[in-house]
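Per my numbering, residue 167 is the first one in the sequence shown, and the count goes up by one each step.
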Amino acid sequence: MQQINLHTHQINLGTNIQILNVFAQNLPFSIADQLFSAGLHPWHIGKVNPDDCLLAIEKATVHENLLAIGECGLDRSINEIFAIQELYFKRQIEIAEKYHKPLIIHCVRAYPDLIRMKKELKSDIPWIIHGYNGNLETTKSLNSHDFYFSVGESFLTDERKRESFHEIPFDHLFFETDDSEISIQKIYLFAAEILKTSEDLLTEAIFNNFKTIFRNGKLVTTN
Ligand SMILES: [Zn+2]
Numbered sequence: 167m168q169q170i171n172l173h174t175h176q177i178n179l180g181t182n183i184q185i186l187n188v189f190a191q192n193l194p195f196s197i198a199d200q201l202f203s204a205g206l207h208p209w210h211i212g213k214v215n216p217d218d219c220l221l222a223i224e225k226a227t228v229h230e231n232l233l234a235i236g237e238c239g240l241d242r243s244i245n246e247i248f249a250i251q252e253l254y255f256k257r258q259i260e261i262a263e264k265y266h267k268p269l270i271i272h273c274v275r276a277y278p279d280l281i282r283m284k285k286e287l288k289s290d291i292p293w294i295i296h297g298y299n300g301n302l303e304t305t306k307s308l309n310s311h312d313f314y315f316s317v318g319e320s321f322l323t324d325e326r327k328r329e330s331f332h333e334i335p336f337d338h339l340f341f342e343t344d345d346s347e348i349s350i351q352k353i354y355l356f357a358a359e360i361l362k363t364s365e366d367l368l369t370e371a372i373f374n375n376f377k378t379i380f381r382n383g384k385l386v387t388t389n
């Protein structure tokens, strides 16, 4: 069974399934058989024409390999005005809702805002927080609002985040390499060790999550 890499910045048509992150300003994108997500990153709002980016994202939804909208989201550690970040995040949520695509979310020090927006918008598409790094309390409150989590090397190797990792429900969990050079296999192995389960069982569980969440994806419909 194939291992899912939910979020990566490296093109790699290996045997596993990976969702390549494409920044909206680099659209249109097309490589045969390469699954991807497309989004306007909060770091880029002031550096690109954000409205052109939104149009490009909406156009990209016709591509059957476009599995998710993102990474997009909120970041309280940067200078970009927060209300502007919220505005462009909201517009991408609207695109995701319209085309029934999950969201891949970048979130830094803005978890309460994320929960507030999800509640306000009564959104029913999956919201997946990528590069998740929150503590136990944060995980508990995100759980109660049905968020999904994609975790990578830095979270798994941080001993202080162990309890937080154990708090993530198996059916709301993904793994990713993001911009790291580490292989997705290593991440699964490491996670299986922490969870005291086998790599095979973990691979199967995450594959099932993928099938459930990306039910509109090409891969899933051909299976
Ligand atoms: Zn990334």
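Beta carbons: idealized from backbone N, C-alpha and C, even for Gly.
Beta-carbon gap between residue i and residue j smaller than 7 Å
i: Gln-258; j: Gly-212; result: no
i: Gln-251; j: Pro-208; result: yes
i: Asn-215; j: Glu-342; result: no
i: Gly-236; j: Leu-269; result: yes
i: Asp-241; j: Val-274; result: yes
Three-state class that DSSP yields for residue i in the structure shown
i: Ile-347; result: Reading off the sequence, residue 347 comes out as Glu, not Ile. Of the three classes helix, strand and coil, the one that applies to Glu-347 here is coil, per DSSP.
i: Ala-234; result: strand
i: Tyr-254; result: helix
i: Leu-107; result: The question about residue 107 has no answer here: the residues shown for the chain are numbered 167 through 389.
i: Asn-389; result: At Asn-389, the pLDDT of 36 sits below 50, so the modelled position is not reliable; the number obtained from the coordinates is stated separately. It is coil, neither helix nor strand.
i: His-116; result: Since the first residue shown for the chain is 167 and the last is 389, residue 116 is missing from the structure and cannot be characterised.
i: Asp-241; result: strand
i: Ser-316; result: strand
i: Asn-187; result: strand
i: Leu-206; result: coil
i: Leu-193; result: coil
i: Ile-291; result: coil
i: Ile-372; result: helix
i: Ile-379; result: helix
i: Ile-223; result: helix
i: Leu-201; result: coil
i: Leu-302; result: helix
i: Ile-211; result: coil
Residue i beta carbon near ligand 1 (any heavy atom closer than 6 Å)
i: Asn-299; result: no
C-beta neighbour in chain D for residue i, strict 7 Å
i: Ile-348; result: In the structure shown, chain D cannot be found, because there is only a single protein chain.
Report task. Specify which residues have a beta carbon nearer than 6 Å to any heavy atom of ligand 1, listing them in chain order. Result -> Selection output, chain order preserved: His-173, His-175, Asn-187, Glu-237, Asp-344, Asp-345.
Query raised in the report: How about the region 302-310 and the region 255-272: do they share at least three Cβ pairs that are nearer than 8 Å?
Result: Output reads no: the region 255-272 does not touch the region 302-310.
Query raised in the report: Counting pairs of beta carbons, one from the region 174-183 and one from the region 226-243, are three or more of them closer than 8 Å?
Result: Touching, no.
Query raised in the report: Does the region 327-343 come close enough to the region 372-382 that 3 or more CB-CB pairs lie under 8 Å?
Result: Contact between the region 372-382 and the region 327-343 is established, with three or more Cβ pairs separated by less than 8 Å.
Requested in this report: Decide yes or no for the touch test of the region 288-297 against the region 324-333: beta carbon pairs closer than 8 Å, at least 3 of them.
Outcome: Touching, no, given that fewer than three Cβ pairs across the two stretches are closer than 8 Å.
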